[in-house]
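> So for the sequence shown, this note's numbering puts the first residue at 66; every next one is plus one.
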Amino acid sequence: MKKIIPFVCCLVWVSSMLSGCSNASEPFEEKSYTSDTQITEMHLDVQDREIEVSLSEDEQVHIQYSESSKEYYDISVSDDCVLTMKSANNKEWTDYIGGKPDAENRKIVLQIPDALLENLSLSTTNEDITLPAMTITGSISISSNGGDITFGDLDVGEALALSAKNGDISGTIVGGYDDFAIQTEIKKGDCNLPERKDGGEKDLYVSCNNGDAFIDFQNE
Numbered sequence: 066m067k068k069i070i071p072f073v074c075c076l077v078w079v080s081s082m083l084s085g086c087s088n089a090s091e092p093f094e095e096k097s098y099t100s101d102t103q104i105t106e107m108h109l110d111v112q113d114r115e116i117e118v119s120l121s122e123d124e125q126v127h128i129q130y131s132e133s134s135k136e137y138y139d140i141s142v143s144d145d146c147v148l149t150m151k152s153a154n155n156k157e158w159t160d161y162i163g164g165k166p167d168a169e170n171r172k173i174v175l176q177i178p179d180a181l182l183e184n185l186s187l188s189t190t191n192e193d194i195t196l197p198a199m200t201i202t203g204s205i206s207i208s209s210n211g212g213d214i215t216f217g218d219l220d221v222g223e224a225l226a227l228s229a230k231n232g233d234i235s236g237t238i239v240g241g242y243d244d245f246a247i248q249t250e251i252k253k254g255d256c257n258l259p260e261r262k263d264g265g266e267k268d269l270y271v272s273c274n275n276g277d278a279f280i281d282f283q284n285e
């Protein structure tokens, strides 16, 4: 019994220390980024962040986000005008204990010019991705592990790839059913598209695990 009491006291002390660490949240600061060149391609790869896409009123890319000294982003533009934004962090193991940052600090608002980007790639975890009606001259790739993907009338020049796990996919594609070669991989969910359809000048790939995928064609 005498040996158990010090052990229990130690557990209580460790728990209180961890609780203190988890409650000491780092302050977030609202920030923005505006491209100073004409971006041709955009890659956004983040974790635990909602992504909301809207149309830019000018011909530049704008990003509104929040970051702290523990959770921030690496933003870079290559020589061929490809803009990349990735999650980065400076966390200790104790920083992973406790709740998430507030919802407003876990949201990225991305404004892009309509019909000027060749390719767009968006990826996140545990949050939703929403896009408006828009045109991308090349390909769009969207992935959410733990959230929904919702979009307006998407017009793609070459291909559209949609992937969701533990979330749903819904939206409308500009064009007709016969304009696309279709491939779907659906597990534990419903889909209104066939598993495979050949033909079509463009490619449509849909993957959904533990969720539903319902996609309409504008010309149908």
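Backbone N, C-alpha and C fix where the C-beta goes; we use that ideal spot for every residue, glycine too.
By alpha-carbon positions, which one of Y270, G232, D281 ends up nearest to I248?
Sequence index remark: in the sequence shown, residue 248 carries index 183 (1-based). The sequence shown places Gln at residue 248, not Ile. When the alpha-carbon of Q248 is set against those of Y270, G232, D281, the nearest one is in Y270.
> Which residue's Cα is closest to the Cα of N154: I194, I173, E132?
Residue mapping note: residue 154 aligns to position 89 of the sequence shown, counting from 1. Ranking the options by Cα distance to N154, first place goes to E132.
> Give me the Cα-Cα distance between N191 and I104, rounded to the nearest whole angstrom.
Residue mapping note: residue 191 aligns to position 126 of the sequence shown, counting from 1. Residue mapping note: residue 104 aligns to position 39 of the sequence shown, counting from 1. Using only the alpha carbons, I get a separation of about 28 angstroms.
> Spatial neighbours of K267 within its chain, please: C-beta separation below 8 angstroms, excluding the five flanking residues on both sides.
Here residue 267 refers to the residue found at position 202 when the sequence shown is read from its first residue. Within the same chain, K267 has close Cβ partners V221, G222, E223, A224, L225, G240, D244, F245, A246.
> Got a sec, what are the start and stop residues for the beta strand (DSSP E) S209 sits in?
Against the sequence shown, residue 209 aligns to sequence position 144. Segment 204-210, the beta strand (DSSP E) holding S209.
> With DSSP as the reference, label A198 as helix, strand or coil.
Along the sequence shown, read from residue 1 onward, the residue named residue 198 stands at position 133. The answer is coil: DSSP assigns A198 none of H, G, I, E or B.
> Helix, strand or coil, according to DSSP, for D179 in the structure here?
Taking the sequence shown and counting its residues from 1, one reaches residue 179 at position 114. In the three-state DSSP reduction, D179 falls in the coil class, being neither helix nor strand.
> Buried or exposed for N170, going by 16 or more other Cβ atoms inside 10 Å?
Taking the sequence shown and counting its residues from 1, the one referred to as residue 170 is at position 105. Buried is the call here.
> Quick check: the Cα distance between S228 and G276, rounded to an integer number of angstroms?
What you label residue 228 is simply residue 163 of the sequence shown in a count that begins at 1. What you label residue 276 is simply residue 211 of the sequence shown in a count that begins at 1. One C-alpha to the other measures close to 10 angstroms.
> Taking 9 angstroms as the CB-CB limit, is E122 close to chain C?
Among the chains of the structure shown, chain C does not appear; only one protein chain is present.
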